[in-house]
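Numbering (the working numbering), first residue to last: 30 to 706.
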């Protein structure tokens, strides 16, 4: 068992579960994960394999005997009739029958409709008046002779959710975990393997939790299919609801004027709109106007009354084009229905998650380690909605005065939400705050940048998305897609110059030039998850015409690292300007048991390159630490990570495996200097 799992069980016994058990039990059952984990938490929240084994059998028995599968509904009805009463697990919803002056229930899987239910049960569980709640329900059967009186009796309803959470204990125990450990625990809690994600990628995944812990938070995520955008809103919490974007109406969402019933915003903490994108979708313009007012003012009016609500709004959908296409030809809201491409509506969005940075879900991305029972973390996040940490960054940083009030609110709400998620104990360092503040600013800047492209009036008072620390050091924030494909800022100590060229145009290599142009020392910082980066764009122009190259990198041992080396050699060959021999020498190191294998690999590489007039040699030196590429034209390229600058690709069928610009980068810096390192 991993150390993190041991630590998690030690401090949160009874509140955690092994995440592969959920997948094992779910099968074809149409039931949210929080329902299964509610049961697993009662019977399998331990590392004792024997207890887990018996617990799994117990949960299987409960599901088999009490969970209502649609295709077995008649069997369950028969059981209720024969026994007189029976406890079931089903999704129940209630509506008022004003003609009969009674509440009536509907069972999603059991297939029963218009079943009378006691007023007190409805008062105790008001959420069942909306789209329905998964619950433990005692149903009885009593045949009567009266016409129009069903024999079914609802004796009790218990929503499936943890009733009590000690939020103070949760905060205190947080201090027992490092930031990395806590982030990994949260990733495991939502079912993902943290080892497969960079820090930035983890932040993106965990940002999806902000609407559950921040009141009136408006979030959008657009990206490719298959990245799990909507999954968390249907599976994580009993306090959130996922609805199809095409099924929204004013009455369903806000107030039904015909009967005065409050809609979804009055009962749920999070309302997520699935399949929100689609240019051809028809949209109720009146709904857009009400949503604009609600998203800005936390209130809405229908008829003569004004209502307040705290529900957060989440919009998820698929993009129609690549990021590079949208950046060059339209904007990042391009996939939305036309009526939602209303800049006043979009300006209410606090953060835009870059869904195109999220990996498509593959088996290795899921975890089999321990994480919080999702219902437990859902209750924790709900409890934290009462708290506000939006100003916490001010102990270290001051936002630029040019940032507008609406931009500032968006930044601060994202910041507050991530603080609650990552640092509920408020024990944060300057580095912790900077990481979250950078991400929060970028998520709001992504919204503002698109608004400027859509409506130039948003740029009448230019905003500089930056902040200053106590030492007067200013940090400017840019989005990754801005660096990769679009407009960007050249930052210097005294000025900010906006350019219209893309990063492609600025870093275009000179591989076709047959003469050496004037070169200058160069410093490049690449951010985590940045793409559109290649060896050629980084330093290709410095390789033109070289005849001797020394590569120093202690880590050329794994297959992908050998691939990186071969790609560099190919680039060097492509920069050849004459027929002279090129000498390439590699200094690296490996463990003693692996050196014989690497000798065979490098000898094969030597033989294959000789036919191309390239003399490849190598040596193993255990004393090397720095990574560099030294050239006979006097330049030295210092790479902080050596050649290993990219994150893992998706394998043979992932085009990024063969195309450097499509790979996602690790964070690193590169320096090119004349002479020594």
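Where a beta carbon is used, it is the ideal one built from N, C-alpha and C, also for glycine.
Using a Cβ cut-off of 9 Å (strictly closer), state whether residue i contacts chain B.
| i | result |
| --- | --- |
| residue 261 | This model lacks chain B altogether, as it is built from one protein chain only. |
Which value, in whole angstroms, describes the spacing of the CA atoms of residue i and residue j?
| i | j | result |
| --- | --- | --- |
| residue 44 | residue 408 | 11 Å |
| residue 573 | residue 246 | 52 Å |
| residue 339 | residue 411 | 12 Å |
| residue 126 | residue 91 | 33 Å |
| residue 222 | residue 282 | 35 Å |
| residue 402 | residue 265 | 9 Å |
| residue 210 | residue 34 | 10 Å |
| residue 195 | residue 391 | 35 Å |
| residue 109 | residue 148 | 23 Å |
| residue 53 | residue 460 | 39 Å |
| residue 201 | residue 456 | 10 Å |
| residue 120 | residue 61 | 10 Å |
| residue 395 | residue 261 | 14 Å |
| residue 358 | residue 415 | 42 Å |
| residue 180 | residue 142 | 12 Å |
| residue 790 | residue 293 | Residue coverage of the chain in this structure runs from 30 to 706, which leaves residue 790 outside it and unanswerable. |
| residue 725 | residue 105 | In the structure displayed, the chain extends from 30 to 706; residue 725 sits before or after that span and is not available. |
| residue 239 | residue 273 | 21 Å |
| residue 635 | residue 243 | 59 Å |
| residue 253 | residue 39 | 39 Å |
| residue 4 | residue 600 | The structure shown does not extend to residue 4, since the chain is modelled only from 30 to 706, so the question has no answer here. |
| residue 587 | residue 405 | 40 Å |
Look up residue i in the DSSP assignment and say whether it is helix, strand or coil.
| i | result |
| --- | --- |
| residue 297 | coil |
| residue 37 | helix |
| residue 520 | Unreliable placement is indicated for residue 520, whose pLDDT of 41 sits below 50; the coordinate value is still reported in the next sentence. Of the three classes helix, strand and coil, the one that applies to residue 520 here is strand, per DSSP. |
| residue 497 | strand |
| residue 593 | helix |
| residue 668 | strand |
| residue 577 | strand |
| residue 425 | coil |
| residue 699 | strand |
| residue 234 | helix |
| residue 603 | helix |
| residue 514 | coil |
| residue 351 | coil |
| residue 504 | strand |
| residue 218 | helix |
| residue 134 | strand |
| residue 420 | coil |
Beta-carbon separation of residue i and residue j under 9 Å?
| i | j | result |
| --- | --- | --- |
| residue 186 | residue 166 | yes |
| residue 432 | residue 451 | no |
| residue 596 | residue 564 | yes |
| residue 336 | residue 284 | yes |
| residue 324 | residue 510 | no |
| residue 674 | residue 682 | no |
| residue 63 | residue 267 | yes |
| residue 236 | residue 271 | no |
| residue 234 | residue 360 | no |
Taking all protein chains shown into account, decide if residue i is buried (16 or more other Cβ within 10 angstroms of its Cβ) or exposed.
| i | result |
| --- | --- |
| residue 41 | buried |
| residue 231 | buried |
| residue 371 | buried |
| residue 628 | exposed |
| residue 453 | buried |
| residue 115 | buried |
| residue 178 | exposed |
| residue 593 | buried |
| residue 67 | buried |
| residue 397 | exposed |
| residue 369 | buried |
Cutting at 7 Å between CB atoms, please list the residues of its own chain near residue i, excluding the five before and the five after it.
| i | result |
| --- | --- |
| residue 649 | 617, 618, 619 and 624 |
| residue 422 | 444, 462 and 466 |
| residue 366 | 307, 308, 310 and 312 |
| residue 427 | 496 and 497 |
| residue 661 | 575, 576 and 577 |
| residue 474 | 494, 506 and 508 |
| residue 653 | 581, 583, 616 and 618 |
| residue 550 | 701, 702 and 703 |
In its own chain, which residues sit with a C-beta less than 8 Å from the C-beta of residue i, not counting the 5 before and 5 after it?
| i | result |
| --- | --- |
| residue 30 | 76 |
| residue 50 | 69, 73, 81 and 85 |
| residue 118 | 60, 64, 91, 92, 95, 96, 97, 163, 164, 165, 166 and 189 |
Among the residues of its own chain, which have a CB less than 6 Å from the CB of residue i, if the five just before and after it don't count?
| i | result |
| --- | --- |
| residue 646 | 614 |
| residue 689 | 563 |
| residue 378 | 247, 249 and 476 |
Would you say the beta carbon of residue i is closer than 8 Å to some non-hydrogen atom of the ligand MG?
| i | result |
| --- | --- |
| residue 264 | As far as ligands go, the structure on display features none, and thus does not contain the ligand MG. |
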